Each structure stands twice: as C-alpha cells, then as structure tokens.
Amino acid sequence: YRGQWDDAEKTAQKVVAEKEDHFLARYVLAMLERERGNLAAADEQFRWFVRTYTKRNNDDKDITDPDELLLVGLAAAEYARYHHQSDQFDFLVNELFPDALKKDKLFWQAAYEPGRIFQEKHNKAAAERAYTRTLALNPRAAEVFVARGEMALSRLEIKDVEQLVGQALTINPKLPDALRLKADMHLFSGELDQALKDLAVARAVNPRDEATLALIAVCLHGQRKDAEFKAIFKEVEAFNPKPGVFYY
C-alpha cells in the first residue's frame, strides 16, 4: 500500500467493469472504502467475498485458486471483526487458509495469516507455530519478524524487539510495519527524534497510513509541538473523517 488511492480506485473499477468477479480488484475497492472511513460501504464489499465463497461452495464450483482463497480469507476476517463473528475465525484458521496452502504448498501467506489471527486473539503459542511454519516456507518473510517483534514488545522484551526489527529491515528496509515497530521501540526508551526519523521513512512509502501518522502525532505530542500535532490530525481528517487508529 502506497496511498495512491485515486489511481488504485480507477484501475480497480475498470477491472471490475470488465470482470465483475475479479477478486483482487474487489478487495482493493473494499480496502479503499475502509481506509476512507466508509465502513458501511466497506462492510458490503467484504460481504461480497463471503457470499461468493458460500454460493460457489453450494453450487459445487469451489474456489480453487490459492490467491483468491487468500483474498476471501482476508475479506472474511474483516467482515467477522465488524460483526463480532468469532466462529468465522475458527473456520479461517482451520479450513480456509489451510485449504489455500494445500493448493500451493509454498504459499507462505496462507501460513502467515492464521498466525496474525492467533496473535490478534492473544493465542501466542498458536501464533508462534504458524510463524515457524511460515518461515520454513519463506525464510525471508519480513512480516513474520515484525509480528514476532510485536509480541516481544507486548512482553517488554526490548532486546528481542531490536533483533527482530533488524532482521525485518535487513530483508526490506522500507517495510512500514517494521519501521513503525522500530519507532515504537524508540518511543519506549524516550528517543522521540529517532522514532520520528523511522516514521519519516514509513510515511514516504505511504503518506496516508493512519498507523504511521498516529505514531508521528504521539511523538509530536510528546515533544509538545502542538501546531505540528494538529496539522497531522487535520491531514488525516482530510482523507478519512472517521479515523480508526488516530485519537484526539
């Protein structure tokens, strides 16, 4: 994601106009609605994936493409979060994502996503197992090192966080998730200037990432730079009147 919303929307809409059931284009449109704070519209877009998967299953026309199954899983997870459907997560980690991995035994993303769900549900043991399996498929999956770093940070194991962030950034020096985690580590030790340097790199990759902008605001607030803090908030409001991770 690089924050180029208008270009992404035009391209996705053009693709859907030509092929109504193009999964990637529809997922892009759903994520755009979510990022813009249009949660009802996003919910309807994510619901399309759930309905399509169910209908094809009922019609004995199962989705077999692993990339499409992954997108169904990501969309279904968003839908389940909106509607508090905890049983949906069980289906995703036990059936849908494993099914995608069966279709392509090297499809590391299908091993990684269950780990993210387990981590979200505070089942760290299961998350670790999923991440170990992911790295067995792709030792250079930088996202796994970030995820493990997030869990280490929650335990205040700062040395482990530093090591894991270093591994992630060695693989991908401009991975926003890794840069935010590194900034979080600096925030913990009160190194606000250093945190802002890391966040500036993340912001250059995606200037509309709310999580990045929120952390920048935290740093500015800690430095008592009220004018710059307010400017960041206005910037977020300009493209999302209902920011999800940005707090007053």
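Mapping to the numbering used here: the sequence shown position 199 is 336, numbers consecutive. A virtual CB, placed ideally from N, CA and C, is assigned to each residue, including glycine. Model, not experiment: these values are computed from the prediction.
Notebook entry, point to check: Are there three or more Cβ pairs, one per stretch, closer than 8 Å when the segment 168 to 188 is compared with the segment 227 to 238?
Noted result: No, the segment 168 to 188 is not in contact with the segment 227 to 238.
Margin query: So, for Glu-287: in the same chain, excluding its five sequence neighbours on each side, which residues have a beta-carbon less than 8 Å away from its beta-carbon?
Written below: Excluding positions up to five away in sequence, the list reads Gln-256 and Leu-318.
Notebook entry, point to check: Which residue comes first and which comes last in the alpha helix (DSSP H) that contains Ser-291?
Noted result: Counting along the chain, the alpha helix (DSSP H) containing Ser-291 begins and ends at 279 to 291.
Check: What three-state label does DSSP hand Gln-304 in the structure shown?
Finding: In the structure shown, Gln-304 falls within a helical segment according to DSSP collapsed to helix, strand and coil.
Notebook entry, point to check: Does the Cβ of Thr-191 have 16 or more other Cβ atoms within 10 Å, making it buried, or fewer, making it exposed?
Noted result: So Thr-191 counts as exposed.
Check: Which value, in whole angstroms, describes the spacing of the CA atoms of Glu-146 and Lys-239?
Finding: Distance between the alpha carbons of Glu-146 and Lys-239 is about 32 Å.
Notebook entry, point to check: Just the Cα atoms here: how many angstroms apart are Tyr-384 and Ala-332?
Noted result: Residue confidence is low: Tyr-384 scores 39 on pLDDT, short of 50, so the model does not pin down where it sits. Its coordinate-derived value is still stated next. So the two alpha carbons sit approximately 19 Å from each other.
Note to self: Excluding the 5 residues flanking Gln-278 on each side, which residues of the same chain have their C-beta closer than 7 Å to its C-beta?
What the structure shows: Per the sequence shown, the amino acid found at residue 278 is Ala instead of Gln. Closer than 7 Å at Cβ, skipping near neighbours: Trp-245, Tyr-249, Thr-271 and Leu-272.
Check: Is there contact here, the segment 359 to 377 with the segment 149 to 164, by at least three beta-carbon pairs under 8 Å?
Finding: No contact exists between the segment 359 to 377 and the segment 149 to 164.
Margin query: So, with DSSP's three-state summary, where would you put Leu-238?
Written below: Assignment of Leu-238 by DSSP, reduced to helix, strand and coil, places it in the helix class.
Notebook entry, point to check: In three-state terms, what does DSSP make of Asn-260?
Noted result: Under the three-state reduction of DSSP output, Asn-260 falls in the coil class, being neither helix nor strand.
Next item on the list: Pull up the distance between the alpha-carbon of Asp-335 and that of Asp-197, whole angstroms please.
Entry: If you take the alpha carbons of Asp-335 and Asp-197, they lie about 50 Å apart.
Next item on the list: Would you be able to state if there are at least three C-beta pairs under 8 Å between the segment 207 to 225 and the segment 260 to 269?
Entry: These segments do not touch.
Checklist line | Nonlocal neighbours in the same chain, by C-beta distance under 8 Å from Ala-354, ignoring five residues either side | finding: Hits under 8 Å: Phe-366, Ile-369, Phe-370 and Phe-383.
Note to self: By the three-class DSSP mapping on this structure, what secondary structure does Asp-346 have?
What the structure shows: Three-state DSSP puts Asp-346 in coil, outside helix and strand.
Check: On the premise that Asp-346 lies in contact with Pro-310, defined as a C-beta separation below 8 Å, what is that separation, rounded to the nearest angstrom?
Finding: With a contact defined as Cβ atoms closer than 8 Å, Pro-310 and Asp-346 miss out at about 17 Å.
Check: How many angstroms separate the CA atom of Leu-211 from the CA atom of Pro-344?
Finding: If I take the Cα positions, the gap works out to 23 Å.
Item checked: C-alpha gap between Leu-324 and Cys-356, whole angstroms -> Their backbone Cα atoms lie some 8 Å apart in a straight line.
Check: The alpha helix (DSSP H) with Ser-223 in it runs from where to where?
Finding: Run containing Ser-223: 223 to 228, per the alpha helix (DSSP H) assignment.
Next item on the list: Name the residue from Ala-214, Pro-235 and Val-152 whose alpha carbon lies nearest to the alpha carbon of Gln-225.
Entry: Minimum Cα distance to Gln-225 is reached at Ala-214.
Checklist line | Residue from Ala-320, Lys-151 and Tyr-164 with nearest C-alpha to Asp-204 | finding: Measuring from the Cα of Asp-204, the nearest candidate turns out to be Tyr-164.
Margin query: Applying the 10 Å Cβ sphere with the 16-neighbour rule, what's the burial state of Glu-181?
Written below: That one is exposed.
Checklist line | Alpha-carbon spacing of Leu-329 relative to Ser-291, whole angstroms | finding: Whole-angstrom Cα-Cα distance: 19 Å.
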